[in-house]
Amino acid sequence: MKFHSVLMVTSLSAWGWIVAAAPEPIVDSAGRTPTKSVEEWVRDLSDDQFRVRENATRKIWEIGEGALPALQAAANGKDPETSYRARELVRKIELHLTPDTDPEVMKLVERYAKASTDEKQTLIDEMRHKRAWRQILKLFASEKNTQLQKRIQGTIDEVAVIAARECLLKGDPDGAREYLEMAPADPAGLVALADFHRSQGTLDAELKRAKTLKGENSNAWQLALYRASGNIEAARDAATAAGEVRISAAMSLLLGDPVPWMRKNLINTDGVAVHKPYTELAIKRWQGKKLLPTDLEPLVKSLSATSVAGRRSAINSLFLLGEAGLAEESYTKISPGMGFVYFNELERVPEALKALGLDPEKPDYAAWVEKRISSLAKEDGDGEEERLEMATSSELVLLANFMDRRGLSAEFSAAFAKPLAALAEKDEKAFTSFLALLFGNSGRFSGAPDMAKHVAFEWAGENGERWEDILIAAFGEDQETNSVWEWLADLDPKATRIDRFEGLLALSGVGTDPLHLRDKWLSLGWKSIEQTPENQRKPLFAKMAYAIGMSPDVTNNLKLWDLYPANERDDFFRNSCISELAIAGRWNEAAAFFLEQIARVSKFKLDPSPATHASAAACLRKAGKAAEAAVQDEWVEKLSLGHDAYEIAIGYQFGDDGTKAAEWFERALRLEEPSVAGGFSYALEEHGDRLLDSGKWQQAAAIFEVKAQMLASLATGLEEPTEKLKLRLQSDLGRALANLKTDHAGSLGLLEHCYQMFPGDGTLADYFFPSIRKVGLIKEHDAWFKISWDRMNAVVKAYPGSSNTLNTTGWLAARALRNLDQAEELQNKALSLKPDEWTYLDTMAEIQFAKGNRNKALEWSTRSVNFTPGGDGTAQMESLLSRRQHEHFRVDPLPK
1 MKFHSVLMVT SLSAWGWIVA AAPEPIVDSA GRTPTKSVEE WVRDLSDDQF
51 RVRENATRKI WEIGEGALPA LQAAANGKDP ETSYRARELV RKIELHLTPD
101 TDPEVMKLVE RYAKASTDEK QTLIDEMRHK RAWRQILKLF ASEKNTQLQK
151 RIQGTIDEVA VIAARECLLK GDPDGAREYL EMAPADPAGL VALADFHRSQ
201 GTLDAELKRA KTLKGENSNA WQLALYRASG NIEAARDAAT AAGEVRISAA
251 MSLLLGDPVP WMRKNLINTD GVAVHKPYTE LAIKRWQGKK LLPTDLEPLV
301 KSLSATSVAG RRSAINSLFL LGEAGLAEES YTKISPGMGF VYFNELERVP
351 EALKALGLDP EKPDYAAWVE KRISSLAKED GDGEEERLEM ATSSELVLLA
401 NFMDRRGLSA EFSAAFAKPL AALAEKDEKA FTSFLALLFG NSGRFSGAPD
451 MAKHVAFEWA GENGERWEDI LIAAFGEDQE TNSVWEWLAD LDPKATRIDR
501 FEGLLALSGV GTDPLHLRDK WLSLGWKSIE QTPENQRKPL FAKMAYAIGM
551 SPDVTNNLKL WDLYPANERD DFFRNSCISE LAIAGRWNEA AAFFLEQIAR
601 VSKFKLDPSP ATHASAAACL RKAGKAAEAA VQDEWVEKLS LGHDAYEIAI
651 GYQFGDDGTK AAEWFERALR LEEPSVAGGF SYALEEHGDR LLDSGKWQQA
701 AAIFEVKAQM LASLATGLEE PTEKLKLRLQ SDLGRALANL KTDHAGSLGL
751 LEHCYQMFPG DGTLADYFFP SIRKVGLIKE HDAWFKISWD RMNAVVKAYP
801 GSSNTLNTTG WLAARALRNL DQAEELQNKA LSLKPDEWTY LDTMAEIQFA
851 KGNRNKALEW STRSVNFTPG GDGTAQMESL LSRRQHEHFR VDPLPK
């Protein structure tokens, strides 16, 4: 952030152009008119009697700000007693310390005056905990230590916004404005005040007045007002005039030009050049210039650099530039395992096998596995040998995972059974450790659980101790899993250990479930609960919660929620099932939850959250309560104050309000601090996806060009090269379609390059085919689709048991609106293997939608949404994505 010289003054009100309020009659802090004039009380400060002096001091303190002029004059007087008392009173009154102020706050303020820099920051945090907003803002405004100011600037901005929000909730907009005017005069502080004017309906008047002001302050204020108003072009120009280069670049980005941002971000905050080679080449590409071998030569040379960091940077840059062919060999050489994953993910199976040292034409799995498993039992190895063993076991798991997911059970048995049996005989601990890797720690697509269980069953036999070992290998030492394991024996006394173990795998969502074992065991669990008297069900509720929680779904979660005693739900459930209520369309209950959270803010003096109001508004609207929803929308507008726009967007998205969510994602990019992290960065991708969907090609291309550069600056490892290629596809696709009319041949060449990055991957289905069909390139669309379809069907033929390949092929056809009957057949096969996999269910919904059957699409989508119950992190994003898809099937026009 750029700190202006005005930072020494620090507050908005100190700029001098904030309109002062008219003077009001002097009253004390209780609203009473004093019995004496201020001047008389000030004279009593020097009275001979101590009691009189003390009484006068307290009376003046009660009067507060109205006494400041007289006190300031007395502070400069000749009488030492009067001067001392007057100075102390001035300090307290200016810090908004009153006789009724919390004594703890008084102590913190007193300590602040003598504290070190680090201590002051701690004291500010303690005052924040006490919600001493005025004291914090006043102390910051008077702080002379610029280093401390910069360190806590963000905290102070937040304090002003929180305090203003509290005033707004109390119906005190004047108080809110006062707090905002006390904020630091930086972009965040200014945009909060500007957004206040927007929500209060005074923005146009304030903008008109701002244009009459002079100097840098005027430019900065106009910038904030334009950002709040949504006038992006004017905001860009005002940012340039105010010297806010980063904000100017962000506004240019929103207008469809990423180059200012990219050039600005060649230099980091320490003044060191970062990712410069990548950026220069990316800008050249953006400008429509072809990259020549001589342009790429520095990166190609870096692939052989002695520096590991240099090689990684070059590889990442080449992937981000779409030059995968130049990066793949070095990428695989550095990590054969990651190379294998990369090629396998793109359905380039021969190259994947070659990366692991297998002959693609006639892979000798048995010899390859034998050689590596034999090394796992070596003892007393030094550090280098241990690292080799880790690498070896990782590659073994990758191959096992490959066989597992592609249905190569016979090949797995031929390659792994004998050497694993030998390992178990030689080193049981090494065997069970490797078995744990094969089970994949209950990850949905990790390890090789379908293969591992057969090895485990063969080894364990009827040995009870070994069964304990394989339970630990598969699920860890988890008391909840053990509880379910024992419960399954009660639910079906005839079940063997193998039956129960396969039941645990199915309940965990690990591996395939062609026999629908998850449904079977949950049905038995519900039957047991129903047959148990209500006053004895609580222990069974706990067991059922564990069983459902291994791989949650909405229907069963809510069934348990409804049965559980209402007054004990929060004691047991880690969350309130709020996501499930929304997913199930129980909008009244979801809205009630958020309204309760809003009430708690006031009751317990918590920080107001406009995002909570956004969720409440969206849920109320879904519940058919438009008037109540509008009230919450108004609170969102009032309380946002230029902050938390990304969180507000997520709040609306939670309630399936895509229109409002899109609006607030765009606001996040206008109003939040432009950076490579935080709300701004997250909003970029969301906004970019929506721009692609709506055909705003130029702006979408610019967004993803900047996202690619951000990744170039942040990526230090070599993970997920396909994500880097995806960003290149998104940017180039948008740019090609934006220039299609002015440079048809060049655009087609760029689209061909996009296609060649993902000829056998679902990423083409996500973006490429729908977009080129939208602009009328039907001939090219069908030619490219045929190549991909034939290629994917060849992989399906080679690996008919590969559920993921079947799903990818079905998704490709659904998004291209081609070969839909064949796609449905393939998708049925995928679902026969993994009936509860939400992505597979969503693909079937997309196929039905493409066929023009909205009702069937919604049926399949409802099942998909059921298996994305929400939560944190990835689970939350999956839930939001599946629900966005459901809304798409519900309201979008059927494809033609």
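Oh and the sequence shown: position 498 is 498 in my numbering, straight run, nothing missing.
Note that CB positions come from ideal geometry on N, CA and C, so glycine has one too.
Straight-line gap, residue i to residue j (C-alpha atoms, nearest Å)
i	j	result
K527	M544	11 Å
P893	Q848	13 Å
W838	L817	21 Å
A489	R500	7 Å
M403	Q149	59 Å
R773	E458	53 Å
I703	A400	39 Å
I578	Q653	14 Å
P23	D693	Reliability fails at P23, whose pLDDT of 42 lies under 50, so the model's placement of it is uncertain and no value is given.
W221	L213	9 Å
L711	T279	11 Å
A324	I778	27 Å
L913	G760	There is no way to answer for residue 913, as the model of the chain reaches only from 1 to 896.
A965	P99	Here the chain comprises residues numbered 1 to 896, so residue 965 is not present and cannot be evaluated.
H888	W789	25 Å
G746	F319	21 Å
L299	L108	56 Å
P187	A224	7 Å
A915	A618	Outside the shown range of the chain, which is 1 to 896, sits residue 915, and nothing can be said about it.
K114	L123	11 Å
L620	E628	7 Å
T129	L408	It should be noted that the sequence gives His, not Thr, for residue 129. Taking the straight line joining both Cα atoms gives about 60 Å.
L684	E647	13 Å
A273	D257	Confidence is the limiting factor: at A273 the pLDDT is only 45, short of 50, which leaves the residue's position unreliable and the question unanswerable from this model.
L718	E329	13 Å
M127	V105	7 Å
L253	T240	14 Å
T269	I156	Bear in mind that a pLDDT of 41 at T269, under 50, signals an unreliable position, so the model cannot answer this.
L147	R43	According to the sequence as given, residue 147 is Gln; it is not Leu. If you take the alpha carbons of Q147 and R43, they lie about 41 Å apart.
P770	A599	45 Å
R209	G154	28 Å
F785	R815	10 Å
Simplified DSSP state of residue i, which is helix, strand or coil
i	result
P184	strand
L49	The identity of residue 49 in the sequence shown is Gln, whereas the question assumes Leu. Three-state result, Q49: coil.
S904	Residue 904 falls outside the range modelled here, since the chain spans only 1 to 896, and no answer is possible.
C167	helix
T212	coil
G734	helix
A273	Annotation note: pLDDT 45 at A273 (below 50); position unreliable, coordinate value reported separately. Strand at A273.
F343	helix
N739	coil
Y564	coil
Any contact between the stretch 307 to 316 and the stretch 729 to 745? By contact I mean 3 or more CB pairs, one from each, below 8 Å. At 8 Å Cβ cutoff, the stretches do not touch.
Is it the case that the stretch 673 to 682 contacts the stretch 226 to 240, given that we only count it when at least three CB pairs across the two stretches are under 8 Å? Flag = no, the stretch 226 to 240 and the stretch 673 to 682 do not touch.
Closer than 8 Å is the cut-off here; do at least three beta carbon pairs connect the stretch 133 to 144 with the stretch 173 to 188? Two segments are said to touch when three or more pairs of C-beta atoms, one from each, lie closer than 8 Å; by this definition the stretch 133 to 144 touches the stretch 173 to 188.
Sufficient close CB pairs (3 or more, under 8 Å) joining the stretch 420 to 432 to the stretch 810 to 824: No, they do not touch.
Alpha helix (DSSP H) runs contained entirely in the stretch 407 to 453, provided each spans 4 or more residues: Here the runs fully enclosed are 409 to 426, 428 to 439.
Would you call the stretch 112 to 121 in contact with the stretch 72 to 88, where contact means no fewer than 3 C-beta pairs closer than 8 Å? Segments in contact, no.
Alpha helix (DSSP H) runs contained entirely in the stretch 623 to 684, provided each spans 4 or more residues: Entirely contained in the stretch 623 to 684, the alpha helix (DSSP H) runs reaching 4 residues are, in chain order, 626 to 640, 645 to 654, 658 to 671.
Given 8 Å, three or more beta-carbon pairs between the stretch 637 to 653 and the stretch 183 to 201: Yes: the two stretches touch, three or more of their Cβ pairs being nearer than 8 Å.
Tell me the start and end of each unbroken alpha helix (DSSP H) in the stretch 776 to 853 that is at least 4 residues and wholly inside, in chain order. Runs found: 778 to 798, 803 to 816, 820 to 833, 838 to 850.
Those runs of the alpha helix (DSSP H) which lie wholly inside the stretch 511 to 542 and span at least 4 residues: As for any alpha helix (DSSP H) of minimum length 4 sitting wholly inside the stretch 511 to 542, the runs are 517 to 530, ordered along the chain.
Runs of alpha helix (DSSP H) lying entirely within the stretch 267 to 336, each at least 4 residues, in chain order: Assignment of alpha helix (DSSP H) within the stretch 267 to 336, counting only whole runs of 4 or more residues, yields 276 to 286, 293 to 302, 308 to 320, 324 to 334 in chain order.
Mind the definition here: the stretch 353 to 365 touches the stretch 324 to 339 only if three or more C-beta pairs lie below 8 Å; say whether that holds. These segments touch.
For the stretch 805 to 817 against the stretch 840 to 855, are there 3 or more C-beta pairs whose distance is under 8 Å? Counting Cβ pairs under 8 Å, three or more are found: they touch.
Using a Cβ distance threshold of 8 Å, determine whether the stretch 527 to 541 contacts the stretch 553 to 566, with at least three qualifying pairs required. By the Cβ test, the stretch 527 to 541 is in contact with the stretch 553 to 566, since at least three Cβ pairs between them sit closer than 8 Å.
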